[in-house]
Amino acid sequence: MAASDDTYENENILKLKLEIARYQLAIETEKRKGEEEKRKIEKEKRIQKKFDVIIEEERRKAEEEKRKAEEERRKAEEEKRKAEEEKRKAEEEKRKAEEEKQKAEEEKRNAEEEKRKAEEEKRKQKELNREIELIKTKRMKITQELSSSSMINILTILSDHGSFYNLFVRDHLQSFDINNVLNDNNYLNENTIELIRIYINNVSSMSNANEQQIKSTFQDLILNLLNALNDCTLLKYLDIQALHRVIGKFCPDCCFLFKNVNIDTDQEHKCLQDFIVCVGEFKKCDVSSEASIGQILHYLHLLSVIQNRKKIYGFLTNGKQISFFYIEKKHEWKESYNFYKSQDLDMFNEYSKESLSSDMMITNEEWKNKYLNEVTWKIFINFLTMNDKFYEYTTLNINPSDNLFQNKYNIRKKLGNGLTSVVYLLVKNDNNSLNDDIDQCVMKISKSSLYSEYFLNEVTIIKELKKLNDSNKFNLFFQDILQYSPE
Numbered sequence: 000m001a002a003s004d005d006t007y008e009n010e011n012i013l014k015l016k017l018e019i020a021r022y023q024l025a026i027e028t029e030k031r032k033g034e035e036e037k038r039k040i041e042k043e044k045r046i047q048k049k050f051d052v053i054i055e056e057e058r059r060k061a062e063e064e065k066r067k068a069e070e071e072r073r074k075a076e077e078e079k080r081k082a083e084e085e086k087r088k089a090e091e092e093k094r095k096a097e098e099e100k101q102k103a104e105e106e107k108r109n110a111e112e113e114k115r116k117a118e119e120e121k122r123k124q125k126e127l128n129r130e131i132e133l134i135k136t137k138r139m140k141i142t143q144e145l146s147s148s149s150m151i152n153i154l155t156i157l158s159d160h161g162s163f164y165n166l167f168v169r170d171h172l173q174s175f176d177i178n179n180v181l182n183d184n185n186y187l188n189e190n191t192i193e194l195i196r197i198y199i200n201n202v203s204s205m206s207n208a209n210e211q212q213i214k215s216t217f218q219d220l221i222l223n224l225l226n227a228l229n230d231c232t233l234l235k236y237l238d239i240q241a242l243h244r245v246i247g248k249f250c251p252d253c254c255f256l257f258k259n260v261n262i263d264t265d266q267e268h269k270c271l272q273d274f275i276v277c278v279g280e281f282k283k284c285d286v287s288s289e290a291s292i293g294q295i296l297h298y299l300h301l302l303s304v305i306q307n308r309k310k311i312y313g314f315l316t317n318g319k320q321i322s323f324f325y326i327e328k329k330h331e332w333k334e335s336y337n338f339y340k341s342q343d344l345d346m347f348n349e350y351s352k353e354s355l356s357s358d359m360m361i362t363n364e365e366w367k368n369k370y371l372n373e374v375t376w377k378i379f380i381n382f383l384t385m386n387d388k389f390y391e392y393t394t395l396n397i398n399p400s401d402n403l404f405q406n407k408y409n410i411r412k413k414l415g416n417g418l419t420s421v422v423y424l425l426v427k428n429d430n431n432s433l434n435d436d437i438d439q440c441v442m443k444i445s446k447s448s449l450y451s452e453y454f455l456n457e458v459t460i461i462k463e464l465k466k467l468n469d470s471n472k473f474n475l476f477f478q479d480i481l482q483y484s485p486e
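Reading the sequence shown from the start, the letters are residues 0 to 486 in numbering that gives the first Met the number 0.
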């Protein structure tokens, strides 16, 4: 019984143990399941967390996209607003541009109208000024002719140049520096020095030479210098030794014209004095004497009155010294003048016939350094090579570049002297003997550029008259017009 009980008890214990083991197993299983569930939950949490992170990131991105979209929309609206503003401004600018264009066109029309009116006024004023100038010139010409005629008579009657000096110059002679009025040209070169050396050797070789012989030698020098200077000078030296009268009843030793003027000196009839640009005088005696100064200024004064020039230059030399002069009219229509004299300039350093003879074999450079006053000769050559503005030749409206038919014709004589122009007879020169040009023709030269329009009007009228067929003689009268220039 006891054994059965033990067995029973053992079985119960065993069952209990088994039950406990099952419970423990179940607990372990549940525990494992719980842990597994926990792991799953943890995993799910981690997944959920990741998902939440992703969702948050997506939400953030969505918010960012939304913000960007909002920003883009705002920008688009701003751009749209700006575009509309720009459009509005463009339309406003366009409207303003149209208004400005209309205004500009209106102003242009007004300006053109004003210009037309101004040109009309200018034309009327110009026409009025021409008429006034013509009347004034006519009156002044009469006054001038009376005054000039009286002055010419006085100056011509005064044969004694010393008397002229005492009457007109003595209290009115002023000094001037010739260097201040000349350009700084330098044409004193080997060629011109050689010409000067030949001149002084010729003079020194003369024994008991009179004034005329020395004068002739100096004139040859000037002619040779001008030929050597060629295109550098506007002047032409005119040989007038055979003439007895050039300026009134006087005849200067040296007369200079523009190179485009040809005068028939053998048969000219008081027209040479119209074209003289400047003059020079050669004296064997001292150039500083009152008689010598009076002589050159007498010529300049008389020439200025005859030519009605405001200013005219000249020089006085004895071959060793040279002085320059000019006279200037004080008032346009009054015969009152200022007289000017430069310093006396030595042309050579000290020399003798013996020293020149002994130095015949030295070079031109050595000769220049020993005998030549280089400053003076530069001044003299500069005087011969100035531009036309310096010489202030205003008697006729010509300049050195004008075509005066100098290659075909010589000016023979003055045919008429009018208010606005002077008429000259031209005669075919010797160089033109083989050409078919007419033997004689007439040249009309205006006295001022103010009269150019009158010249053009004359040419226009002549052209119209030549179209007439009712008179062959009338056409023949105008057929010999070779060329015209309003200037």
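Every residue gets a Cβ at the ideal spot worked out from N, C-alpha and C, and that includes glycine.
Measure the C-alpha to C-alpha separation of residue i and residue j and round it to an integer number of angstroms.
i, j, result
"residue 412", "residue 424", "5 Å"
"residue 340", "residue 106", "60 Å"
"residue 447", "residue 233", "20 Å"
"residue 113", "residue 457", "32 Å"
"residue 87", "residue 119", "46 Å"
"residue 258", "residue 235", "5 Å"
"residue 71", "residue 77", "9 Å"
"residue 302", "residue 247", "8 Å"
"residue 254", "residue 239", "8 Å"
"residue 419", "residue 94", "60 Å"
"residue 97", "residue 122", "36 Å"
"residue 464", "residue 450", "21 Å"
"residue 14", "residue 23", "13 Å"
"residue 146", "residue 398", "For residue 146, the pLDDT reaches just 49, beneath the cut-off of 50, and the residue's location in the model is therefore unreliable, leaving the point undetermined."
"residue 349", "residue 369", "9 Å"
"residue 466", "residue 400", "32 Å"
"residue 311", "residue 390", "7 Å"
"residue 57", "residue 74", "24 Å"
"residue 455", "residue 410", "23 Å"
"residue 171", "residue 344", "22 Å"
"residue 62", "residue 81", "27 Å"
"residue 169", "residue 180", "24 Å"
Can the beta-carbon of residue i be found less than 8 Å from the beta-carbon of residue j?
i, j, result
"residue 237", "residue 194", "no"
"residue 274", "residue 262", "yes"
"residue 295", "residue 318", "no"
"residue 363", "residue 173", "no"
"residue 309", "residue 328", "yes"
"residue 346", "residue 372", "yes"
"residue 270", "residue 384", "no"
"residue 320", "residue 286", "yes"
"residue 326", "residue 178", "no"
"residue 444", "residue 414", "no"
"residue 405", "residue 245", "no"
"residue 197", "residue 367", "no"
"residue 426", "residue 436", "no"
"residue 323", "residue 299", "no"
"residue 227", "residue 184", "no"
"residue 376", "residue 222", "no"
"residue 342", "residue 176", "yes"
Could you tell me if residue i is buried or exposed, where buried requires 16 or more neighbouring beta carbons within 10 angstroms of its beta carbon?
i, result
"residue 220", "buried"
"residue 50", "exposed"
"residue 293", "buried"
"residue 381", "buried"
"residue 531", "Nothing about residue 531 can be read from this structure; the chain reaches only from 0 to 486."
"residue 7", "exposed"
"residue 459", "exposed"
"residue 304", "buried"
"residue 216", "buried"
"residue 124", "exposed"
"residue 374", "exposed"
"residue 17", "exposed"
"residue 272", "buried"
"residue 26", "exposed"
"residue 52", "exposed"
"residue 67", "exposed"
Below 8 Å on the Cβ atoms is my contact criterion, and I expect residue i with residue j to pass it. Report the Cβ-Cβ distance as a whole number of Å.
i, j, result
"residue 280", "residue 252", "5 Å"
"residue 392", "residue 276", "5 Å"
"residue 499", "residue 421", "Given that the chain is displayed from residue 0 to residue 486, the structure contains no residue 499 and the question cannot be resolved."
"residue 315", "residue 291", "6 Å"
"residue 428", "residue 408", "6 Å"
"residue 212", "residue 205", "6 Å"
"residue 330", "residue 163", "Not a contact, Cβ separation roughly 21 Å."
Using DSSP's beta-bridge definition, name the partner residues of residue i.
i, result
"residue 253", "279"
"residue 284", "According to DSSP, residue 284 bridges with nothing at all."
"residue 324", "313, 340"
"residue 236", "255"
"residue 491", "Because the chain in this structure spans residues 0 to 486, residue 491 falls outside the shown range and cannot be described."
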